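Every letter in the sequence shown is one number past the one before it in our numbering, and letter 103, counting from 1, is 170. Contents: one structure, followed by commentary.
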Amino acid sequence: MASSLPAGYVYFDHNATTPLDPRVLARMLPWLGEQHGNPSSAHRAGQAAREAVEAARAQIAGLLGADPLDVVFAASGTEANNAVIHAVGRAHGWRGEIVVASFEHPSVRRSAERCVEHGMTVRVVTPGADGVVAPAAVLAAIGPETRLVCLMLANNEIGTLQPVMEVAAACRERGVAVLCDAVQAVGKVPVEVGGLGVDYLTLGGHKFHGPLGGAAVWVRPGAAFDPYLVGGSQERRRRASTLDVPAAVGLGEACDLARQELPARRAHLLELRERFEAGLAAIPGAVVHCAAAPRLPHTSNVAFLGVVGHSLAIRLDLAGFAVSTGAACHSGVVEPSETLLAIGVDPAEALASLRVSFGMTNAAAEVDAFLAVLAREVAALRAHAGARSAAAPRAASAAAAPVAAEVLPT
Ligand SMILES: Cc1ncc(COP(=O)(O)O)c(C=O)c1O
């Protein structure tokens, strides 16, 4: 089927989702066509599916330096995060405390908030202005009742890498479990569960050129993991559901390719991001957030002061470039990114921000073309805002034009 996107349209929103690697698709296609079977069936069709799924599980474990037995499939990063938090809550009779970083993905924060409905409490730790949560801040939040600490490996909006290893070591000494949401990190930076020392780690294939629907959680042997989805005894009673064989096979292949190609991928992505951020020098009032912090190689979050980020993203889309704002849009009202507010960026600057996230199919020439269009669109919006404020000073605010769709952070 022909793409509905215009020829030459450039996608710079890989933190939202990535295009499927054709090599991954090739592995999945037989399982969407002539091959089929329920991996729980005893007959040969079922056993062929079982073999494919177990091979994929080994590929996932291979990327994480883990034992395949400790990998449980899920349908999304959201499900994986929910499953872990639910399991820890249940294991402790819904008593005790969960510590979360304030800029965790909503699938972690909202899931922890649900535990409050059951009787648990949640303590929120704020990152520094550099976009990094200080280990000391996490430790200060841990008390005798703390059961779980949730700290993501890389933030989805600003790309900052978090000191998970240090936090996990301190939590281990205190007998506190750690969930590391590595959904944005896996496939872009080395992620090795043994070295990190966490109890649970979640990942999702669609963030690194694998399929939507293929996600997983790694569970340290002995860590509580009562199933979130109950029903059949699939996944050694850790997740009921007939396995999505094509998604599992695709996730496995995406992990295997990432394992083989990680250094080359990092180098390519970093080159694109550095080229982009160097080029921003030509655009006055462009501020890269958390530029000095350790970051994912492909994520750049930039404020264009005096411009409404949402309007800029729409103009860029019309000009052929897909980027994102971290802003959430509810019922036509654009609210600044919670992540940017959490690191102390002021609301007007947060509303002036864009997230640009590169992928393996992007090329340097696309970055150069983007920079030229970006400079033009930023200047046009500033000129427009200037003309509007001259005509009607009270109308010149950071409020964006109403948008019909509901947009949530990814
Ligand atoms: C850090 C992080 N965690 C979890 C998720 C949720 O993953 P999924 O979209 O597969 O549910 C996302 C998705 O954007 C994410 O960025």
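Here a beta-carbon is modelled for each residue, glycine too, at the ideal position from N, C-alpha and C. It should be emphasised that the depicted structure is a prediction, and the values quoted were computed from it without experimental measurement.
Proximity test, residue i beta-carbon vs ligand 2 heavy atom, cut-off 6 angstroms
i	result
Gln251	This structure lacks ligand 2; its bound ligands are ligand 1.
C-alpha gap between residue i and residue j, whole angstroms
i	j	result
Thr309	Ala439	49 angstroms
Ala282	Gly271	4 angstroms
Ile165	Thr188	6 angstroms
Ser404	Ala345	24 angstroms
Ala432	Ala122	38 angstroms
Gly160	Pro211	16 angstroms
Ala236	Leu408	29 angstroms
Val203	Thr193	Per the sequence presented here, residue 203 reads as Ala, with Val not at that position. When rounded, the distance between both Cα atoms is 11 angstroms.
Glu479	Gly453	Since the first and last residues shown for the chain are 68 and 477, residue 479 lies out of range.
Ala150	Pro135	18 angstroms
Glu535	Glu171	The requested residue 535 is not part of the displayed model; the chain covers only 68 to 477.
Gly75	Ala430	12 angstroms
Gln102	Cys322	22 angstroms
Simplified DSSP state of residue i, which is helix, strand or coil
i	result
Trp98	helix
Leu218	coil
Val15	With the chain running from 68 to 477 in the structure shown, residue 15 is simply not present.
Ala468	The pLDDT assigned to Ala468 is 40, lower than 50, so where the model puts this residue is not dependable, and the model offers no usable value.
Gly272	helix
Phe388	strand
Ala360	coil
Ala462	Reliability of the predicted coordinates at Ala462 is poor, the pLDDT of 42 falling under 50, and no value is obtained from them.
Arg304	helix
Val199	coil
Val258	coil
Val91	helix
Val480	Residue 480 lies beyond the stretch modelled for the chain, which goes from 68 to 477, so this question has no answer here.
Start and end residues, beta strand (DSSP E) containing residue i
i	result
Phe371	366 to 371
Phe343	Here Phe343 belongs to no beta strand (DSSP E); instead the alpha helix (DSSP H) covers 312 to 346.
Ser420	420 to 424
Phe140	138 to 141
Glu402	400 to 402
Endpoints, the alpha helix (DSSP H) within which residue i is located
i	result
Ile165	That residue, Ile165, is in no alpha helix (DSSP H); its beta strand (DSSP E) goes 164 to 168.
Arg241	Arg241 -> no alpha helix (DSSP H), and no H or E assigned at all.
Thr406	405 to 409
Arg449	431 to 458
Gln229	That residue, Gln229, is in no alpha helix (DSSP H); it is neither H nor E in DSSP.
Val183	173 to 185
Ala128	111 to 131
Beta-bridge pairing of residue i - partner residues as DSSP gives them
i	result
Ala353	Phe371
Tyr76	Bridge partners of Tyr76: none, in fact.
Tyr295	Tyr295 pairs with nothing; no bridge assigned.
Val191	Val167
Thr213	Glu164
Asp248	Thr269
Val155	DSSP output for Val155 lists no bridge partner at all.
Val253	Val256
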